[in-house]
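Participant: Heads up, the sequence shown is in this note's numbering, so the first residue is 2 and it goes up one at a time. Every residue gets a Cβ at the ideal spot worked out from N, C-alpha and C, and that includes glycine.
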Amino acid sequence: MNKAQKVILSVFLPLTAWILVLDPTSPSFEKIQYVRYATVLSLFLAVMILPKRYPEQKNMVPAFFFMALGDFFLVFIYTIEQIHLDLSWVGILSFMTGYLFLIKAYRKKTISTGKNLAALVPFLTASILIGWHLHPYMQGPVTGLGIVFMTVLCTMSWQAATTLFTHHFSKKSAIMISASGALMFLCDAGIAFSLFHPYYSTVYIAWLKNIVWTAYLSGWTLAAMVIAEDHLYTGSTEMI
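1) Report, in whole angstroms, the separation of the C-beta atoms of residue 102 and residue 61, which I expect to be a contact under 8 Å.
2) Do three or more CB pairs link the stretch 58-76 to the stretch 87-97 at distances below 8 Å?
3) So what's residue 55 in DSSP terms, helix, strand or just coil?
4) Just to confirm before moving on: does the CB-CB distance between residue 184 and residue 216 stay below 9 Å?
5) Using only alpha-carbon positions, find the residue among 233, 235, 234 and 229 that is nearest to residue 5.
6) From residue 87 to residue 79, what distance separates their C-alpha atoms?
7) Should residue 141 be flagged as near chain C, meaning a C-beta pair shorter than 9 Å?
8) How should residue 1 be labelled, buried or exposed, when 16 other C-beta atoms within 10 angstroms of its C-beta is the threshold for buried?
9) Of all the options 190, 193, 170 and 189, which has the alpha carbon lying nearest to the alpha carbon of residue 231?
10) Taking only runs of the alpha helix (DSSP H) that begin and end inside the stretch 145-208, which ones reach a length of at least 4 residues, in chain order?
11) Roughly how many whole angstroms lie between the Cα atoms of residue 224 and residue 203?
12) Smallest Cα separation from residue 222: which of 22, 149, 20 and 48?
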């Protein structure tokens, strides 16, 4: 683990834990949201200044911009009293665009059908189950947007998982990429329920919010660690 990766872990993992212990239902909710969004912006700025030795690392950087933009329209915007419009669709499109950049970075040479299926089946199954549970509560254009977003999310997580089998990335890099993709999938699954399910969207569920936040920042922190990796490709002897 290089110096940049150690700094990323030492900064963003404690911040994740600190925000978890703060009570979002307290009178200081807005202050917590400012701290939370400052953390997200800091992660984006961190990857901007990191040196990038590999084209995949450069391809991943725009994803962090769209992550920060999406977070603004999905979460932080509700702390601004002057804005009363529902712009969550902008946030969804932003995250979807970010995932397209990650797909570009992760997609490599073809692997065997069996390994492809092994990587795809968990995410495809989960996507179908999520869609089955939520489709009664989605109408009109939202349904189409949800299907497209879920397809892109599933593809990104699947391509992240296939890095374990392509032998293009080093073992360390592939583990970080696949774990990052899985955590992002888990986060967005929780967000989908909090946005569209009539119960979870109206009642504060502490465990769901904690899962979403932990998976969210941990997933993107791992992606930042990939950008900071000195030995991204197979052949590296560096240990985790």
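Facilitator: With the given structure in hand:
1) In this structure residue 102 touches residue 61 by the C-beta definition: roughly 6 Å separates them, less than 8 Å.
2) Cβ pair count under 8 Å is three or more, so yes.
3) Under the three-state reduction of DSSP, residue 55 is assigned to coil, being neither helix nor strand.
4) Yes. Within cutoff.
5) Of the candidates 233, 235, 234 and 229, the one whose C-alpha sits nearest the C-alpha of residue 5 is 229.
6) In this structure, the alpha-carbon of residue 87 lies about 9 Å from that of residue 79.
7) Absent from the structure: chain C. Only one protein chain is present.
8) The requested residue 1 is not part of the displayed model; the chain covers only 2 to 241.
9) Minimum Cα distance to residue 231 is reached at 170.
10) Taking only runs of at least 4 residues, the alpha helix (DSSP H) segments lying wholly in the stretch 145-208 are 172-197.
11) Note on geometry: alpha-carbon atoms of residue 224 and residue 203 lie some 32 Å from one another.
12) The shortest C-alpha separation from residue 222 is found at 48.
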